[in-house]
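Peer 1: As they're listed, the protein sequences go chains A and B. Take any residue in the first sequence, note its place counting from 1, add 1412, and you have its number in this note's numbering. Take any residue in the second sequence, note its place counting from 1, add 2, and you have its number in this note's numbering.
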Amino acid sequence: MAIIEVAGLCKSYGKVKAAHEVTFNVEDGEVFGILGPNGAGKTTTLEIIEGLRTADSGSVRVCDIDVLKEKRAVQELIGVQLQSTTLFDELTVMETIHLFQGLFSKKVNLTSLVTKLALTDKQKSPVKELSGGQKQRLALALALVNDPKVLFLDEPTTGLDPQARRSVWELVQEIRSNGKTIVLTTHYMEEAESLCDRVAVMDHGKIIAMDTPRQLIKNLGFDNTIEFSIGDGLDVRELEKLPSVKSVHNKEKEHHLFTQDPQATLLGLMRLAQERSAAISDLRVHTASLEDVFISLTGRRLRE
Amino acid sequence: MKGFWRLVHCQMLMLWRNKEYLVASFGIAFVSMVLFGYLFGVEGSSPFSLGLVDEDRSTTSSTLVEALKISSSLDVQQGERENELEGLRSGKRRVVMVIPSGFEDGLARGGSRIDVYFDQGNMVAATQARAVIQAIVDGLNRQLTGALDPITIKEEGITAKRLRVIDSLTPGLVGMMIMWANMFVGVRLISWRERGILKRLGVTPLRPFNLISSQIVAHVILSFLQAALLVAIGWLLFKVSVQGSYLTLSFMIALGSLCILSLGYIIGSFIKKSESANAVAMLISFPMMFLSGSYFPTDSAPSFIQPLVKLMPLTYLNHALREIINNGSALSSFRTDIFVLLAWTLGSLVLSIRIFRWQ
Ligand SMILES: Nc1ncnc2c1ncn2[C@@H]1O[C@H](COP(=O)(O)OP(=O)(O)OP(=O)(O)O)[C@@H](O)[C@H]1O
Ligand SMILES: [Mg+2]
Chain A
1413 MAIIEVAGLC KSYGKVKAAH EVTFNVEDGE VFGILGPNGA GKTTTLEIIE GLRTADSGSV
1473 RVCDIDVLKE KRAVQELIGV QLQSTTLFDE LTVMETIHLF QGLFSKKVNL TSLVTKLALT
1533 DKQKSPVKEL SGGQKQRLAL ALALVNDPKV LFLDEPTTGL DPQARRSVWE LVQEIRSNGK
1593 TIVLTTHYME EAESLCDRVA VMDHGKIIAM DTPRQLIKNL GFDNTIEFSI GDGLDVRELE
1653 KLPSVKSVHN KEKEHHLFTQ DPQATLLGLM RLAQERSAAI SDLRVHTASL EDVFISLTGR
1713 RLRE
Chain B
3 MKGFWRLVHC QMLMLWRNKE YLVASFGIAF VSMVLFGYLF GVEGSSPFSL GLVDEDRSTT
63 SSTLVEALKI SSSLDVQQGE RENELEGLRS GKRRVVMVIP SGFEDGLARG GSRIDVYFDQ
123 GNMVAATQAR AVIQAIVDGL NRQLTGALDP ITIKEEGITA KRLRVIDSLT PGLVGMMIMW
183 ANMFVGVRLI SWRERGILKR LGVTPLRPFN LISSQIVAHV ILSFLQAALL VAIGWLLFKV
243 SVQGSYLTLS FMIALGSLCI LSLGYIIGSF IKKSESANAV AMLISFPMMF LSGSYFPTDS
303 APSFIQPLVK LMPLTYLNHA LREIINNGSA LSSFRTDIFV LLAWTLGSLV LSIRIFRWQ
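(1) Cα separation between glutamine 1535 of chain A and leucine 313 of chain B?
(2) Going by beta carbon distance, what residues of the same chain come within less than 8 Å of tryptophan 360 of chain B, once the five residues before and after it are set aside?
(3) For histidine 1599 of chain A, which three-state DSSP category applies?
(4) Jot down the residue ranges of each uninterrupted beta strand (DSSP E) in the stretch 1655–1692 of chain A, minimum 3 residues, whole runs only, in chain order.
(5) Using 8 Å as the limit for Cβ to Cβ distance, is aspartate 339 of chain B near chain A?
(6) Below 6 Å CB to CB, which residues in the same chain sit around leucine 316 of chain B once its five sequence neighbours on both sides are set aside?
(7) Which partner residues does isoleucine 1477 of chain A have in the DSSP bridge list?
(8) Just to confirm my understanding: we take threonine 1710 of chain A, look at its own chain, exclude 5 residues before and 5 after, and list those with CB closer than 8 Å. What are they?
(9) Which residues, in chain order, does the stretch 250–280 of chain B contribute to contact with chain A at a C-beta distance below 9 Å?
(10) Taking only runs that begin and end inside the stretch 288–343 of chain B, name each unbroken alpha helix (DSSP H) of 4 or more residues, in chain order.
(11) What residue from A:Ile1642, A:Val1434, A:Val1520, A:Asp1440 has the CA that sits closest to isoleucine 1461 of chain A's CA?
(12) So with CB distances below 7 Å, who are the chain A contacts of arginine 197 of chain B?
(13) Just verifying my parser: in three-state terms, what is the DSSP assignment at glycine 1527 of chain A?
(14) Using the beta carbon as the reference atom, which residues fall closer than 5 Å to any heavy atom of ligand 1, ordered along the chain?
(15) Count the C-beta pairs between the stretch 54–62 of chain B and the stretch 261–273 of chain B that are closer than 8 Å, then say yes if the count reaches three, no if not.
(16) DSSP on asparagine 1636 of chain A, reduced to helix/strand/coil?
(17) Are the CB atoms of aspartate 1609 of chain A and phenylalanine 1444 of chain A nearer to each other than 8 Å?
(18) Any C-beta of chain A sitting closer than 8 Å to the C-beta of valine 98 of chain B?
(19) Does DSSP put serine 1496 of chain A in a helix, in a strand, or in coil?
(20) Once DSSP output is grouped into helix, strand and coil, what is the label at histidine 1698 of chain A?
(21) Could you tell me whether the Cβ atoms of alanine 1419 of chain A and glycine 1453 of chain A are closer together than 8 Å?
(22) DSSP three-state label for proline 173 of chain B, please.
(23) Beta carbons nearer than 7 Å to chain B: which residues of the stretch 1473–1491 of chain A have them?
(24) How long is the line joining the alpha carbons of aspartate 151 of chain B and leucine 171 of chain B, rounded to whole angstroms?
(25) Taking buried to mean at least 16 other C-beta atoms within 10 Å of its own C-beta, is glycine 159 of chain B buried or exposed?
(26) Between A:Thr1527, A:Ser1537, A:Pro1538, which has its C-alpha nearest valine 1552 of chain A's C-alpha?
(27) With a Cβ-Cβ cutoff of 8 Å, do histidine 1668 of chain A and threonine 1637 of chain A count as a contact?
(28) Determine, for glutamate 1541 of chain A, whether the minimum Cβ-Cβ distance to residues of chain B falls below 8 Å.
(29) Against chain A, with Cβ distances strictly below 8 Å, would arginine 166 of chain B count as a contact?
(30) For glutamine 1585 of chain A and leucine 1607 of chain A, I'd like the C-alpha separation in whole angstroms.
(31) Give the range of the alpha helix (DSSP H) segment to which glycine 1424 of chain A is assigned.
(32) Which two residues bound the contiguous beta strand (DSSP E) that contains glutamine 1487 of chain A?
(33) Who are the near neighbours of threonine 1671 of chain A in its chain, counting only those whose CB is closer than 7 Å to its CB and skipping five residues on each side?
(34) How about valine 189 of chain B and serine 276 of chain B: are their beta carbons less than 8 Å apart?
(35) Just to confirm, is the Cβ distance from phenylalanine 120 of chain B to valine 139 of chain B under 8 Å?
(36) Would you say leucine 24 of chain B lies against chain A (beta-carbon separation less than 8 Å)?
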């Protein structure tokens, strides 16, 4: 059963189409990711589902409730971590959690929540004295105070160091194993790949692809990517003729070769470079990722 | 409902931890009370010397002289006009009162006057003198029209005696405290909007109405606590006693707080940025603090300022608080004040509900 049903969502800000005909379903118990670059419309989409913004057109149902009609009934059931959360500076961590808990009718045990998010030592600290990672964990705690059916996380790991990012990933996996549905946005493809059951790739307000990460990559039709920069003296059109190359994406001096057989392609590439005496640098070979999905769909990288 | 009280509790905690709030509301009032109380309060309680000149020498004028002599708050010295005025200049007399010749005849014809001289530099003495003399003259007036018997004059005189500077200052400071404690409510609200806190609360089932009511309740409760503290300190340090009922007093404190809160919300609705709203709230509070008679009476203020004085809700709150604390009046005796405060409250609430934006 779909726990979230989004159909034909449109939202414009002046001439900017922040969301255009966005349609997708999220199944119960699934981790659903929205992957896209800055300004893709991820936050806009999420906040419409959360009842924070109103769409120009389209419909949203969460747990079979129409968000437009019964915003508060939906908000009882969901937990939200906004892209940036600001809280009352004057209150302590525990006071803040307690305050938020009071706003919902369903409640969780606060002690175990605080323990789970490793905030026990910080319970009595004022919110303004928390570090970035601790603030993020508090925001996550607030999203969980009502034992939500669906959890919305807007870029939960942006701005965190690798270690803090890992711990958020672990938390998400733990929450998910408790049977909750999670919708998250990110512009880290590793995050989408390792956390999400399904991913919607978004660009310029539109969903341009949606599937499991594995299937999205499979649909590319190649397994490997060769990335490199090359000096002058080489016509980029020649790259397309290299053996086993499926497609080529060029941006200034940076090139991506998508290939089924990296060995053959690399050999061809080296030979070509030698003939034209063009210097190759920053050479990297890796298996295809969601980043490549995005590049092959838009010709741009996720993060520029 | 439990959630609502948690919200109220948290808001009170936040206000309490906000040093600016406490200094502005309780701090200023407390310091003023102690300062003015010790500067003028003690002095005011001793009888002060009144130079009395009876140029009429009629039955009525001598009745008046006798009435004044009875009052124990006055040290009445009778003498000639020139001597007494000289006494005022040299500081020997606080006030000089002249009953001019033709006083009785004037009364018979429907109106007469008494000349009162006081040192303009000494505002406190002037106020005091006016209160005492007014009380006595009022009594006399009533006696002349046959409404009351002579004993009442004495009682009026006693009430007047008790009115020291600190006595009339205390209700004024309570009023001022209420203003500082509540005027910035809108500024707080829009700073939450600015910081994105309202947005975070917007994804919870909390209704905006409940957020606002919790804010109002928290402010009113804290106003009560601070008012109680001020009144208690007034009594402990200066024996300022509340003549009227505490119920009436509580009602006025609540109404006054509500009125200023709704003014605060108006500021928050009209101005988008919290910094400018803060400046505007300051700009309103400072003149109001002085023009509403919290510290000294405003009836002697120049006439071009009077409309401003009459406009300020704090003027009415202060008047009502003085009536309750100093004169022990009941609600019915300051209906106008209640009416004006209610009008301000309802008017501004309606206006700010129409204008305020959450996002
Ligand atoms: N309140 C708003 N007013 C005007 N334009 C807006 C508003 N919110 C979003 N936009 C525009 O809509 C587009 C989508 O914005 P959105 O915040 O949804 O992107 P995003 O995918 O969340 O980006 P990011 O990764 O940077 O968070 C952007 O071009 C943005 O400028
Ligand atoms: Mg965003």
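Every residue, glycine too, gets a C-beta built ideally from N, C-alpha and C. None of these values were measured; they are calculated from a predicted model.
Peer 2: Reading from the atomic positions:
(1) Glutamine 1535 of chain A and leucine 313 of chain B: Cα-Cα distance of roughly 48 Å.
(2) Excluding the 5 residues flanking it on each side, tryptophan 360 of chain B has same chain C-beta neighbours closer than 8 Å at Arg195, Leu200, Gly204, Pro210, in chain order.
(3) In the three-state reduction of the DSSP assignment, histidine 1599 of chain A falls in the coil class, being assigned neither a helical nor a strand state.
(4) Segments of the beta strand (DSSP E) lying fully in the stretch 1655–1692 of chain A: 1657–1663, 1666–1671.
(5) Closer than 8 Å: no.
(6) The answer, listed in chain order, is Gly177, Met181, Met290, Ser294.
(7) Isoleucine 1477 of chain A pairs with A:Val1474.
(8) Correct list, in chain order: Asp1615, Ile1620.
(9) So nothing in the stretch comes that close.
(10) For the stretch 288–343 of chain B, whole alpha helix (DSSP H) runs of length 4 or above, ordered along the chain, are 308–313, 315–327.
(11) The closest CA to that of isoleucine 1461 of chain A, considering only A:Ile1642, A:Val1434, A:Val1520, A:Asp1440, is found on A:Val1434.
(12) What arginine 197 of chain B touches in chain A: Thr1498.
(13) Per the sequence shown, residue 1527 of chain A should be read as threonine rather than glycine. Threonine 1527 of chain A falls in the helix class under three-state DSSP.
(14) The answer, residue by residue, is A:Tyr1425, A:Val1428, A:Ala1430, A:Asn1450, A:Gly1451, A:Ala1452, A:Gly1453, A:Lys1454, A:Thr1455, A:Thr1456.
(15) Contact annotation: the stretch 54–62 of chain B does not touch the stretch 261–273 of chain B, with fewer than three C-beta pairs closer than 8 Å.
(16) The three-state secondary structure of asparagine 1636 of chain A, taken from DSSP, is strand.
(17) Cβ atoms of aspartate 1609 of chain A and phenylalanine 1444 of chain A: closer than 8 Å.
(18) At a cut-off of 8 Å between beta carbons, valine 98 of chain B makes no contact with chain A.
(19) It is coil, neither helix nor strand.
(20) Residue state, collapsed to three classes: strand.
(21) In this structure, glycine 1453 of chain A does not lie closer than 8 Å to alanine 1419 of chain A by Cβ.
(22) Of the three classes helix, strand and coil, the one that applies to proline 173 of chain B here is helix, per DSSP.
(23) Answer in chain order: Arg1484, Gln1487, Glu1488.
(24) Unreliable positioning characterises aspartate 151 of chain B in this predicted model, as indicated by a pLDDT of 37, which lies under 50. The coordinate reading is nonetheless provided below. Approximately 32 Å between the Cα atoms of the pair.
(25) Summary for glycine 159 of chain B: the model assigns pLDDT 31, below 50, so the residue's position carries little reliability; its value from the coordinates is reported in the next sentence. The residue in question, glycine 159 of chain B, is buried, as its Cβ has 16 or more Cβ neighbours within 10 Å.
(26) Strictly speaking, residue 1552 of chain A in this sequence is leucine, with valine absent from that position. The residue among A:Thr1527, A:Ser1537, A:Pro1538 with its C-alpha nearest the C-alpha of leucine 1552 of chain A is A:Thr1527.
(27) Cβ atoms of histidine 1668 of chain A and threonine 1637 of chain A: closer than 8 Å.
(28) The beta-carbon of glutamate 1541 of chain A is placed no less than 8 Å from the nearest beta-carbon of chain B.
(29) No, its Cβ sits nowhere closer than 8 Å to a Cβ of chain A.
(30) C-alpha separation (whole angstroms): 7 Å.
(31) First, the amino acid is wrong: residue 1424 of chain A is serine here, not glycine. Counting along the chain, serine 1424 of chain A falls outside any alpha helix (DSSP H), though it belongs to the beta strand (DSSP E) covering 1414–1425.
(32) Premise fails: glutamine 1487 of chain A lies in the alpha helix (DSSP H), 1483–1489, not in any beta strand (DSSP E).
(33) Cβ contact annotation for threonine 1671 of chain A (same chain, cutoff 7 Å, sequence separation greater than five): Phe1634, Asn1636, Ile1638, Ser1656, Val1657, Lys1658, Thr1677, in chain order.
(34) Yes; because the gap between Cβ atoms is below 8 Å, this pair is in contact.
(35) Not in contact: phenylalanine 120 of chain B and valine 139 of chain B (Cβ atoms no closer than 8 Å).
(36) No - not a single Cβ of chain A is within 8 Å of the one on leucine 24 of chain B.
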